[in-house]
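Trainee: 117 is the number that numbering that gives the first Met the number 0 gives to position 118 of the sequence shown; each next residue is one higher, with no gaps.
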Amino acid sequence: MASGTNRNDIYRRDFDPKDYMDTYFNKTSGLFMDDHYLKFILTHLHNTFSSGDVKGDTLIDIGSGPTIYQIMSACEAFKEIIATDFSEKNHQEYKRWLHNEPGAFDWSHVGEMVCKLEGDRSRWTDKEKKIRAAVKQVLKCDVLESNPLDPVVLPKVDCLLSLLCLEAASKDCDTFYCALQNITTLLKVGGHLVLCGVLGCKAWMVADKQFPGLPITEDFLRSSLAKCGYDVKEVQVQPVAGKCNVNLCDYYGNFYLVAEKKKEVK
Ligand code: SAH
Numbered sequence: 000m001a002s003g004t005n006r007n008d009i010y011r012r013d014f015d016p017k018d019y020m021d022t023y024f025n026k027t028s029g030l031f032m033d034d035h036y037l038k039f040i041l042t043h044l045h046n047t048f049s050s051g052d053v054k055g056d057t058l059i060d061i062g063s064g065p066t067i068y069q070i071m072s073a074c075e076a077f078k079e080i081i082a083t084d085f086s087e088k089n090h091q092e093y094k095r096w097l098h099n100e101p102g103a104f105d106w107s108h109v110g111e112m113v114c115k116l117e118g119d120r121s122r123w124t125d126k127e128k129k130i131r132a133a134v135k136q137v138l139k140c141d142v143l144e145s146n147p148l149d150p151v152v153l154p155k156v157d158c159l160l161s162l163l164c165l166e167a168a169s170k171d172c173d174t175f176y177c178a179l180q181n182i183t184t185l186l187k188v189g190g191h192l193v194l195c196g197v198l199g200c201k202a203w204m205v206a207d208k209q210f211p212g213l214p215i216t217e218d219f220l221r222s223s224l225a226k227c228g229y230d231v232k233e234v235q236v237q238p239v240a241g242k243c244n245v246n247l248c249d250y251y252g253n254f255y256l257v258a259e260k261k262k263e264v265k
């Protein structure tokens, strides 16, 4: 289901990958270091991907942006990872890290957090190699299109991972629901969706540029997932009240959820 929005133009024009990583993931000043988003997300990603319940051949990361923190645990459970994003600038930044080129973002402070969760903080260099070997493709993706990977058509995969993308891409709740339906067509029945993001966010900043959010709730997520044919296995919510810098992002919580696709709906 395609649904037009001018949000695509906003991302194409204004989203600067380096500013995004610096604002949210900088080792000392990043908001996601400060508000415990990273600790929360990385812990749950570690639990999910080390459980043995969510594993397989191929995982697609939807709306990867320029970041790789989200696949640090998944690379231990999937043979092949496909990164995707709407913006060409993000592809370039992502590939800069993938090919270990000068100027690539240094993820070591985040990588060490994940390796510590896995029991050995010093393994980060090995894990970097593992991630680089696991990411086989970086594809263009638009979650607002019925085949988000058009013109590429892939066999359905075992797992979809998506962080902070659907609420960024969707101008309203109907659009979010359509985007969820669209990405769900990429997933096998019996496969898992791991979805993470922020609750109640109306707007967020990257350097001096403001981006529109979509203030979603846990109830909305649960009902949308059920209508798309999912059985929700786990929902975690972390309130951030009083912790976060509301000048950067006005959300009230982080969510993490795992759902299993039980049937084809679309
Ligand atoms: N997943 C990353 C990036 C989140 S920022 C992280 O966890 O940090 C939101 C991302 O959504 C941006 O990279 C933006 O380019 C992407 N995006 C926005 N609209 C999109 C769309 N219609 N289809 C796919 N990706 C989109």
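For glycine and all other residues, C-beta sits at the position ideal for the given N, C-alpha and C.
Check Leu179 in the structure and name its three-state DSSP category.
Mentor: Three-state DSSP puts Leu179 in a helix.
Trainee: On the criterion of 16 or more Cβ atoms from any shown chain inside 10 Å, does Thr27 qualify as buried, or is it exposed?
Mentor: By the neighbour-count rule (16 or more Cβ atoms within 10 Å), Thr27 is not buried but exposed.
Trainee: Along the beta strand (DSSP E) that carries Tyr255, what are the first and last residues, could you check?
Mentor: 252-260 is the span of the beta strand (DSSP E), which, as asked, contains Tyr255.
Trainee: Hey, Ile130 and Ser161 are a contact pair by Cβ (cut 8 Å); roughly how many whole angstroms apart?
Mentor: About 18 Å separates the two Cβ atoms, so there is no contact after all.
Trainee: Are the CB atoms of Leu163 and Leu30 nearer to each other than 8 Å?
Mentor: Their beta carbons are not under 8 Å apart, which means Leu163 does not touch Leu30 by this criterion.
Trainee: Following the continuous beta strand (DSSP E) through Cys158, name the residue where it begins and the one where it ends.
Mentor: 156-162 is the span of the beta strand (DSSP E), which, as asked, contains Cys158.
Trainee: Please determine if the region 112-124 and the region 30-46 are in contact, where contact requires at least 3 C-beta pairs separated by less than 8 Å.
Mentor: Yes, since at least three Cβ pairs between the region 112-124 and the region 30-46 fall closer than 8 Å, the two stretches touch.
Trainee: On the three-state DSSP scale, how would you describe Asp105?
Mentor: The answer is coil: DSSP assigns Asp105 none of H, G, I, E or B.
Trainee: Below 8 Å, can you find three or more Cβ-Cβ pairs linking the region 139-150 to the region 81-89?
Mentor: As far as the Cβ criterion goes, the region 139-150 touches the region 81-89, which means the pair count is three or higher.
Trainee: Is Thr22 helix, strand or coil when you go by DSSP?
Mentor: Thr22: helix per DSSP, three-state reduction.
Trainee: I'd like to check one pair, Leu185 with Lys155: are the Cβ atoms closer than 8 Å?
Mentor: Yes.
Trainee: Where Trp106 and Val53 are concerned, what is the direct C-alpha to C-alpha distance, given to the nearest angstrom?
Mentor: Cα to Cα, the separation comes out at about 24 Å.
Trainee: Quick one: Cα of Asn99 to Cα of Thr174, how far?
Mentor: Their Cα atoms are separated by approximately 36 Å.
Trainee: Give a yes or no on whether the C-beta atoms belonging to Asn253 and Val197 are separated by under 8 Å.
Mentor: Contact: yes.
Trainee: What residues match up with Lys272 in a beta bridge as DSSP calls it?
Mentor: The requested residue 272 does not occur in the structure, where the chain is confined to residues 0 to 265.
Trainee: Helix, strand or coil for Val197 per DSSP?
Mentor: Three-state result, Val197: strand.
Trainee: Answer with buried or exposed for Gly64, where buried requires no fewer than 16 other C-beta atoms within 10 angstroms of its C-beta.
Mentor: Result: buried.
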